[in-house]
Every structure is written in C-alpha cells, then in structure tokens.
Amino acid sequence: MNTHNTLSLLLFISSFTFTHGFGSMGPISAVFGRNDFFCAIDASGKQEVICWGKNPSNSNYSNCSGSSSSSVFAIDVPPMAALNGGYEFMCGILVNTSYVSCWNSYGDSDTSNLVPQVFQTTSYSYIASGKDHVCAVRGSYYSDADSGLVDCWDILSSPSGLISKQSGLYYNQETSSVMFKKVVSGDGFSCGTFEGAGGIKCWGPNASGLSGLVSNSSDRFLALASGKNSVCGVLESSGEFKCWGGSDTGTDTGLGFSGSGYLSPRDGTSFVALATGDQHFCGIRRDDHGIECWGRVNSSSIPKDSGFLAIASSDSIMCGIREDDLVLDCWVANDSSLNDIDPPLQLCSPGLCTPGSCGPGEFAFNASLLHEPDLTSLCVRKDLSICSPCGFNCSAGFFPSSSCTENADRVCTACSLCQNSSCWDICNMKSSHSHQDHRLSQLHRLIIIIGSSVLGFLLILILLCLSLRFFPSKGKQKKQFSSCIGKPGEKETDAPDVIPSAVSVAPCPGLAQVFRLSELKDATNGFKEFNELGRGSYGFVYKAVLADGRHMAVKRANAATIIHTNSREFEMELEILCSVRHTNVVNLLGYCAEMGERLLVYELMPHGTLHDHLHGGLSPLNWHLRLRIAMQAAKGLEFLHTENNPPIAHRDVKSSNILLDADWCARISDFGLLRNDGDVILDMRDDVYNFGVVLLELLSGRKAIDRDCSPKNIVEWAVPLIKQGRAAAIIDRGVVLPRVVVPLLKLADMAEVTVRENPCERPSMSEVALFLEQLVKEGLIL
C-alpha cells in the first residue's frame, strides 16, 4: 500500500465521527441506527425473509439456547426477491409483483406506510436505502431489462415514528431521464451506474461534493456501497476497491478519503462484494471468497476457515452467508461483542435469483449441494437461478481439488488429503524431490520411534518380572483382572482372604479384583468429601489412588441402597457387571463386601461427565467431539441392550451418566442394580427416549430441565421447532460452527424421533447407533 493510502487508512481509523455505511442490494442486508437488525432471504425455495436483532419487542425466540441477548423475529412481509437496509428501516422487492415494501426497526406489522401510495403499485428492479430516503430503479425485477428510470421518496422521523412521503429533494433534471442499472444511497445523496460507457452519476441535496468526482469516471463497477458522505465501488475489470468523497465534501465522514483517493486493504487484492459500517469496510475476496476487513474491526473475530458468497454490515456487526452450507456467520468491530447480535442457523440464499444464464466467471448454485432431499431449488420459480462468482483458491488448510464449472464452484479439499504435486505448493509442501526426502525423513523418524518403543517395552517387562519375583504384593486377597477391551481375563490365582461378612459374593473369575476395605479407605482418604467425584441414587463416588499408584473410582452404596437390596441382588449385579466389557462402558475393576459395605471399583474417567462440559463450566466441547460422544454413548447402550443375556436396560440414561475417559471417549456408567419389575423391552425404549434428551442437550447446550426457561422441559421447547423445520434455531451458538451444519440438522431429526410419546415409534438403540456411526464416517463435521 502506498504512502497516500496508508495516510488515508490512518485518518480512517483515527476518526471518531459517527457515520453509517449503506451496502448494495442483496440476499442479506442490515439496518443502521439505534435498533439495528439484519434480514436475509432464506434458502427454503420460498424466498421468505428471516430477521434477527437486539431483543425486538415482538420477539418469539427464546434465549435459553445460549447466552446471546439477540433475538430472531418474524416480519409480516411477503417473500422477497432482494433486500436493502437504511437508517432504522429495511426495504425489499416483493417476489410476485416487484413492488417495494419497507418496514421499520420496531417490528411494526404495517409495512406499507413507508412507501408513498403513488409508488406502492410500481414495479422496481433495484432499490437503495439511505439515511432518510429511498431510490428505486423502475422495471420488473425478473424481466430481461437491467436498467430503468429512478423514483425517490423520503423516509422521515415523526412523533408517531417513521413516515414516508414523495419529495422533490431527489429530483434532478440531469438524471431524470437517465436509465440506471444499480444505485446506492447515503446521507442526502444517491449514486448509480448507468447505461453507456460506464461511470457513476450522483444526485440529491448533498451530492455536490460527489458529482464532479464520479461523473467523469469511465469505470464499470461490479458492486457499490456508500458511507455517510462517500461512495465506494469494486471495479468490474480488476475487482479493486475505489472510493470518492469524505473530507473533500466539507464534512469529515471518518472514512479518511482524500479527493478521489484510492484505498485497498492490500495492493492487488480483488473483491466480488463489499459492505461498509461505521468505521470499517469488509469485502469478499475474488480468489478464495474469504473475508478481508480494514478499519476498526476486531480481526480475531473474522471467520478464517470458510468462504462467503454474500455479506452485509450494520454500524458494528458484519454478517455473511457461508459458501459451504449457506449458514450465517457474524463478526464484530473492535468495541462490539457477538453477544450483541447472534444470527439464527436458518440456511440463507447465497445470492439473488435472476432469469437467464450465468456469465463468465460465474456458476449457477446447485441446491443439491446442501444435501437436503426436499430442496430442489433456492428460488420460487424453476426458470430462475442464482449466479455466484467462481473461486479459484481456497481458505488456509484447503486446496482446490476441482475447478469451477457451469453448475458448481471449485471444490476445496483439506490439505491433509493432498497426495500429489498439484496441491503441494498451495498446501506449502515442497517439490516432488523434497517431498520424497521429507517422507524418507519421516520414515526414519518412525523407525527410530518404533525401535525405541520396543526397547522401552522390553525393559519395562524385565523390570516388572523382577519386581514380581523380589517384591511380591502384600496378602493374597487380590485377583488378576484384564484391561477393558473385551478379552477374557486370567484365571483366579488364590481364593480371597477377606473378613467374613453377611454377604456371600460370587466371584468374577479373572475379571474383578477383591479389595480390602482398609485399602479403599486409604485410597480415598477415608471417603472424605474432597475426594468425592459425584453422587447418585446408588450412593457416593470417590476418587481413589491405590498404593501402587493406580487411579480408580470407588462407588460406595448408601444405607438406603444396602437396606433395599438383598445379598442375592448384589450378587446378581456383580455377575452382570463382571460380564460387561466394552470400550464404551465404564468397566468394573473390582469390589469390596466387608463389614456390611458394598463398594464397586471402576475405571477412573479423568475428563468428568458430559453434563459437566455442557452445563457445569468445563470446556464446552466442539461439534466433532460432541457428535463422536453421541455415537460412542449410543454404541455403549446398544451393547447393553443387545450383547448381554439377559439384555440390560440402563433405566437412568442422562448426560451425567456419560463419562469421558483420558482419550475423550464416551463411556456409559451407573446402570445400577437389577430390577425384576417392569417390562425390559419398554425399559429399553425408555433408554432411547432419555438418550434423545441427551442428543437435544448436545445440540442446544441447554439443560434437560431448566427453570429459567419457558418451557422448562427441553423436549417441549425443541421438538416443535424441529417439526416446523426450524431445527437450526436450537443449535448451540456458544460453540464455533462447523464448516457444514447439515449433520447437526440430521441429528436434530433423529433426536425428535427418539423422544416421541409412543414408545413403538421410537427407534431401537441399534438403529440410533448405526445412524450416528454413519454421520461420523461421512466426516461431515470439520
């Protein structure tokens, strides 16, 4: 960037004058002012409008699914072909008639009052909303004609709110007969591109400082945006960024432009879209569709791992529609927080639906890429298409594995899958020769590591044999037990040497160790409270560190459990528990039945419970891990239901009974004492229902029962939204979204089936486990 541009940028950043930016018409737009909000056209094929903002009075969106103070709200307007926001109002072109409808930021149901009656039945092909006026290009939106005359009207504040009226302020003899193609509006001016040799014309009471600058330009513009007193554009030929206005208009907008100053975030950067805010600009790069912002922007909040096809900005919040899955994503200026505004997860249109074929460097967006079987088109008419700009590069960590075609953009593949020289340079790999050397170097390292590991293992084995020979363990009460991988254990070495008790325990040959009560007391510091890991209906669970250094969990039955279960039931439980060996079940390691105590010793799960991570302040878990945990927990329950004789019903499935081991693998725990009452088959269907509740917790981050929310029950809150096709509204926005959200929407559909009232309509645990395993295998969560 040259010195002039650097000074301009410094002026821009250092200015604190309150300004506004107004972007081009598109599928997403923002309203500026005290009650700023965003609206976007959804991707359902109906072109309905979804809006979100800061707690509007008519909000129908609960904050219980996250910490954000923002709300999603419905606007009573017909489907829209395009949107454009101004100061405290939004306008759109209606799909069926091409009429303009405008509504204010207070969410009033009556929207027609912001369009003067004389213009309410006129068709328009383009609109531009400014500080206190709207200008629109005449013509049917879906016609082949791409230019027309311009009508303008005022939108002004009054004691009763915003009102609209026809005005002569924006009538200009010079421009009254000009056929405009695109227009933008600012504070007291509008500018537009027109037919002919190119260039821009401006008009309005505050346009005097702009007209002389821009009317002489012969440039053609791909996109336009305006600040309070400035107009900016993306050059059609090069994609570079160009602005006029600012300090030369006689008022400092804070944009820092001097004369016809040229400002770009980096020299040579090309863009395909542009959005402006209070003191910042953001653009979509032409090469990889990544976001680049400059000015007063919190760079750490800008999404780095996804490309975008449309963006919009309010004073301090910027939102875009991601190219991979059409999900909304937002980022902020330096002094703002994403808690101020948080978009819904509805899929939104990546562009405007238009007639005709796409031009060079564009592709027609294919709805089948969204993996939604019911979605065949993103537009209300089959003859319409969305033409999006082709990309030729990918975001960091990905490389383009195929080029852009007529109906699909270039495909981006993770660099971890790069296999040949076509992607080495992009993925920062070396040449073929260097790559082979690198592979050989890695092989040498691997050989060294394996050799060292084998020698280390042999040394440990020798030391272990010597220790067993010269330092035998005290007493003969212990039995050998296997690691919990489903392999049969060694035979029992000696009969247990225990103090007689009232319970005669059937042994678990080779799988469980009999502990002395004194040994477990020492290991738990006398069952002190500070060693407590949790408590449940069975009793208390304590962390134990044995004399040999092993870390375990000891479950100690409370008095009520001991009183209400006889010795035979305890023996039966031990027999069952000893037979349960699975990687997704917390396996029994031993027990103690001295002095009337009933103690069960299990593997220690160092990462706590799923409940702790979702609701207890521990790390919130990313989406990939959440999906994997759901699959593993389902496989653990499936094992209990199908691989045991008789089958085991858990009867208490909940997030606090799903534990996470050292490798963050999910383990089912606390399937309790056996009960002979009730129907086991029905109990297993109850397990499915309760597991569905866990799925809803994983998806939303909300507790199963939360008294601070309405409704309190997560099922009563989430299921209606899922059935309405609004599953995206329950997704936990406290976690960074994955590149593709379709698996989360599929998971929501499965959760809805598992919590159906009729047990016969619920799937089996095997069906749930198979479904989740397939989601994980597809690798869609990145």
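Residue numbering for the sequence shown follows the numbering used here, starting at 29 and increasing by one per position. Cβ coordinates follow ideal geometry from the N, Cα and C atoms, glycine included. All of these numbers come straight from a predicted model, not from anything done at the bench.
Three-state secondary structure assigned by DSSP to H308: Stepping through the sequence shown from its first residue, residue 308 is reached at position 280. In the structure shown, H308 sits in a strand (DSSP, three-state: E or B).
Could you compute how far the alpha carbon of S205 sits from the alpha carbon of L177? As a position in the sequence shown, residue 205 is number 177, starting the count at 1. As a position in the sequence shown, residue 177 is number 149, starting the count at 1. In a straight line, the C-alpha of S205 is about 7 Å away from that of L177.
Distance CB(L668)-CB(T637) smaller than 8 Å: Position 640 of the sequence shown holds residue 668. Position 609 of the sequence shown holds residue 637. In this structure, T637 does not lie closer than 8 Å to L668 by Cβ.
Could you tell me whether the Cβ atoms of A361 and I349 are closer together than 8 Å? On the sequence shown, position 333 is the one that residue 361 refers to. On the sequence shown, position 321 is the one that residue 349 refers to. At a Cβ-Cβ threshold of 8 Å, A361 and I349 do not count as neighbours.
In chain order, which continuous runs of the alpha helix (DSSP H) of length 4 or greater are located wholly inside the region 760–804? DSSP runs (the alpha helix (DSSP H)) wholly in the region 760–804: 770–782.
Would you mind reading off the limits of the alpha helix (DSSP H) that contains R730? Against the sequence shown, residue 730 aligns to sequence position 702. Taken as a continuous stretch (DSSP letters only), R730 belongs to no alpha helix (DSSP H), as it is neither H nor E.
Bridge partners for Y26 per DSSP, in chain order? Nothing in the structure corresponds to residue 26, since the chain is present only between 29 and 810.
Element boundaries [alpha helix (DSSP H), containing I319]: The count along the sequence shown starts at 1 and reaches residue 319 at position 291. I319 -> not in any alpha helix (DSSP H); beta strand (DSSP E) instead, spanning I319 to G323.
Keeping to the same chain, check which residues put their C-beta closer than 6 Å to that of D711; ignore five residues upstream and five downstream. Residue numbering aside, residue 711 sits at position 683 when the sequence shown is read from its first letter. If we look at D711 and ignore the five residues flanking it on each side, its Cβ neighbours are A677 and R679.
With distances taken between CB atoms, is the gap from L354 to C376 smaller than 8 Å? The sequence position of residue 354 within the sequence shown is 326, counting from 1. The sequence position of residue 376 within the sequence shown is 348, counting from 1. Yes, the Cβ-Cβ distance between L354 and C376 is below 8 Å.
Quick check on DSSP: helix, strand or coil for P811? Because the chain is modelled from 29 through 810, residue 811 falls outside the range shown and cannot be assessed.
Helix, strand or coil for W231, going by three-state DSSP, please let me know. Indexing the sequence shown from 1 puts residue 231 at position 203. DSSP places W231 in strand when its eight states are reduced to three.
Note down the Cα distance separating C455 from A442, rounded to an integer number of angstroms. Translated into the one-based positions of the sequence shown, residue 455 becomes position 427. Translated into the one-based positions of the sequence shown, residue 442 becomes position 414. If I take the Cα positions, the gap works out to 9 Å.
Within 10 angstroms of its Cβ, does M623 collect 16 or more other Cβ (buried), or is it exposed? Taking the first residue of the sequence shown as 1, we reach residue 623 at position 595. Classification of M623: exposed, given that the 10 Å Cβ count is below 16.
Please look up how many angstroms separate the CB atoms of A694 and N612, rounded, as I've assumed it's under 8 Å. Residue 694 sits at position 666 when you count from the first residue of the sequence shown. Residue 612 sits at position 584 when you count from the first residue of the sequence shown. About 6 Å separates the two Cβ atoms, so the contact holds.
Among S429, N141 and N394, whose alpha-carbon lies nearest the alpha-carbon of S444? Here residue 444 corresponds to residue number 416 of the sequence shown, with the count starting at 1. Cα-wise, what sits closest to S444 is S429.
The alpha helix (DSSP H) enclosing F667, as first and last residue numbers: Your numbering for residue 667 matches position 639 in the sequence shown. It spans W651 to T670 - the alpha helix (DSSP H) in which F667 sits, taken as one unbroken run.
Please determine if the region 796–807 and the region 651–660 are in contact, where contact requires at least 3 C-beta pairs separated by less than 8 Å. yes
Which of helix, strand or coil does DSSP assign to Y630? Your numbering for residue 630 matches position 602 in the sequence shown. DSSP places Y630 in strand when its eight states are reduced to three.
Nonlocal neighbours in the same chain, by C-beta distance under 6 Å from A779, ignoring five residues either side: Position 751 of the sequence shown, counted from the start, is the residue given in the question as residue 779. Taken in chain order, the residues that qualify are G720, L723 and L724.
Can you check whether the CB of K571 is closer than 8 Å to the CB of H643? In the sequence shown, counting from the first residue as 1, residue 643 sits at position 615. In the sequence shown, counting from the first residue as 1, residue 571 sits at position 543. Taking 8 Å as the Cβ cut-off, H643 and K571 do not qualify as a contacting pair.
Under a three-way DSSP split, which group does C451 fall into? Walking along the sequence shown from the start, residue 451 turns up at place 423. DSSP places C451 in helix when its eight states are reduced to three.
Over what stretch of residues does the beta strand (DSSP E) that includes W80 continue unbroken? Numbered from 1 along the sequence shown, position 52 holds the residue referred to as residue 80. V77 to G81 is the extent of the beta strand (DSSP E) around W80.
Taking 8 Å as the threshold (beta carbon to beta carbon), is S213 in contact with chain D? Annotation note: the requested chain D is absent from the structure, which comprises a single protein chain.
Rounded to whole angstroms, what's the CA-CA distance from D411 to V768? Just pull it up for me. Indexing the sequence shown from 1 puts residue 411 at position 383. Indexing the sequence shown from 1 puts residue 768 at position 740. The straight-line gap from Cα to Cα measures roughly 28 Å.
For a quick check, are the C-beta atoms of F391 and C432 less than 8 Å apart? Mapped onto the sequence shown, residue 391 falls at position 363. Mapped onto the sequence shown, residue 432 falls at position 404. Yes.
Beta-ladder partner(s) of Q194, from DSSP: Position 166 of the sequence shown, counted from the first residue, corresponds to residue 194. Per DSSP, W181.
In this structure, does DSSP put Y619 in helix, strand or coil? As a working mapping, residue 619 is identified with position 591 in the sequence shown. Y619: strand per DSSP, three-state reduction.
With H, G and I counted as helix, E and B as strand and the rest as coil, what does DSSP make of G237? Stepping through the sequence shown from its first residue, residue 237 is reached at position 209. G237 falls in the helix class under three-state DSSP.
Just the Cα atoms here: how many angstroms apart are A68 and L373? The count along the sequence shown starts at 1 and reaches residue 68 at position 40. The count along the sequence shown starts at 1 and reaches residue 373 at position 345. Distance between the alpha carbons of A68 and L373 is about 11 Å.
Residues that DSSP places opposite E390 in a beta bridge: Translated into positions along the sequence shown, residue 390 becomes position 362. According to DSSP, which records beta bridges pairwise, E390 is partnered with P417.
Below 7 Å CB to CB, which residues in the same chain sit around R790 once its five sequence neighbours on both sides are set aside? Locating residue 790 in the sequence shown gives position 762, where the first residue counts as 1. R713, V716, Y717, V781, T782 and R784.
Could you tell me if P771 is buried or exposed, where buried requires 16 or more neighbouring beta carbons within 10 angstroms of its beta carbon? The sequence position of residue 771 within the sequence shown is 743, counting from 1. Classification for P771: buried.
What are the boundary residues of the alpha helix (DSSP H) that S546 is part of? For the purposes of this step, residue 546 is identified with residue 518 of the sequence shown, where counting begins at 1. Per DSSP, S546 belongs to the alpha helix (DSSP H) from L545 to A551.
Other residues of its chain near M207: CB distance less than 8 Å, five sequence neighbours each side excluded: Against the sequence shown, residue 207 aligns to sequence position 179. So the qualifying residues of the chain are S175, G176, L177, F222 and E223.
If I follow the unbroken alpha helix (DSSP H) through A746, where does it start and stop? Position 718 of the sequence shown, counted from the first residue, corresponds to residue 746. Segment I742 to K751, the alpha helix (DSSP H) holding A746.
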